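K.L.:
Take the sequence shown: its letters are residues 1254 to 1476, numbered as in the numbering used here.
We put the CB at the ideal spot given by N, CA and C, even for glycine.
Here the structure is a predicted model, which is why all the values come from computation and not from measurement.
Take a look at this one; I'll ask things after.
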Amino acid sequence: MELILAEQTLLIALDDEKGRDSTSWGSDPGLAAALLLDLARHELVVVDADGRLAAVDGPPPGHELLREAHAAILGSERRRNAKGWVGRLPHELKPLRTRLARGLVERGILTEQRTKFLGLLPTTRFPAADERPERELRERLHQVLVEGREPSEDEALLIGLLEPLELIDTVVERDERRAARKRAKAVAEQGIAGRAVRDAVASVQAAVIAAVVASSVAATSST
C-alpha cells in the first residue's frame, strides 16, 4: 500500500493505542514539511535564487493534499522560503493532521473515535485499525537504521525528516538509539540525486529544525 511521506510521518508520530500525537511539539510542521518534500522530489517545487520556494507547473500530484499544497504555492502572491511554507501550509490545508488521518481511515489503516476529554471537551482520536502498514514501515526503517541496508529514495527522505523531528528513537529499541541517530544523520546527509531537488530538500529539512526548536523554546517559556 503506497503512502505519501506525510501519511508515513503521521503513522510514526501517532501513538498506536491512544491514537493521539506522540510528539511534544505538535505534528503539523512535520506533516507540512513532508508534503513539501514530496513536491520537491517530483520537481514541483524548487528553490529560487533568493532562497524562496517556487512552484513548477507539471502533472498534478495524485494525492488531494499534495495538489492543494502545490496550488497554494503556485497561486500565492507572497513568496516564502521553506520555513515560511512549513508554517503556512497547516493554515492553508487545515485541519491538516485530521485530513491526513481521515484519509487513512478511508483506507482502513486508522479508525476515528470521538470522545470527551475529562468528560467535557470533545476530542478525536485515530488509533490503528490495520497495524500492518505501520509495522511494515517500521521494519523497513529498522533495516536501514540498525541493519545498515541502503535506503530507497522514499526511505532516505523520510529518515531525513524523522531525524530533525526527533522521531528516530520511536522506531528502534532503546539500546539501538545512539547508533540509529548516527545512521539517520548519515542517511540525511547523503541526499538524493539532482541539484535542484537536493537544494529543496535541504531547505525543507532546515525549516523543520527551526520549527521544532521554536516550538521547544515556546513550550519551555510557558512552564
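Is the distance from the Cβ of A1293 to the Cβ of A1453 below 9 Å?
P.N.:
yes
K.L.:
Kindly list the residues whose CB is nearer than 7 Å to the CB of H1395, restricted to its own chain and excluding five residues on each side of it in sequence; keep chain order.
P.N.:
V1424 and V1425
K.L.:
Does the separation of the CB atoms of T1368 and P1375 fall below 9 Å?
P.N.:
yes
K.L.:
Would you mind giving the Cβ-Cβ distance between A1285 and T1262, rounded to the nearest angstrom? I have them listed as a contact below 8 Å.
P.N.:
Not quite, the Cβ-Cβ distance comes to about 10 Å (not below 8 Å), so this is no contact.
K.L.:
Would you report the Cα separation of A1382 and A1324, rounded to the nearest angstrom?
P.N.:
Each residue's Cα considered, the two are about 32 Å apart.
K.L.:
In three-state terms, what does DSSP make of A1382?
P.N.:
If DSSP states are grouped into helix, strand and coil, A1382 belongs with coil.
K.L.:
Please identify the residue among P1417, V1440, G1315 and R1427 whose C-alpha is closest to the C-alpha of D1407.
P.N.:
V1440
K.L.:
Under a Cβ-count criterion, where at least 16 other Cβ atoms within 10 Å of its own Cβ denotes burial, should D1281 be classed as buried or exposed?
P.N.:
buried
K.L.:
Determine the burial state of T1476: buried for a count of at least 16 other Cβ atoms within 10 Å of its Cβ, exposed for fewer.
P.N.:
Unreliable placement is indicated for T1476, whose pLDDT of 49 sits below 50; the coordinate value is still reported in the next sentence. By the neighbour-count rule (16 or more Cβ atoms within 10 Å), T1476 is not buried but exposed.
K.L.:
Would you kindly work out how many angstroms separate the C-alpha atoms of R1305 and V1298, rounded to a whole number?
P.N.:
Between R1305 and V1298, the C-alpha separation is close to 10 Å.
K.L.:
Helix, strand or coil for A1307 per DSSP?
P.N.:
strand
K.L.:
Tell me where the alpha helix (DSSP H) around V1248 begins and ends.
P.N.:
Coverage of the chain is limited to positions 1254 through 1476, which leaves residue 1248 absent and any answer about it impossible.
K.L.:
In whole angstroms, what is the alpha-carbon distance linking D1428 and F1379?
P.N.:
29 Å
K.L.:
Grab the span of the alpha helix (DSSP H) containing V1358 for me, first residue to last.
P.N.:
L1349 to E1359
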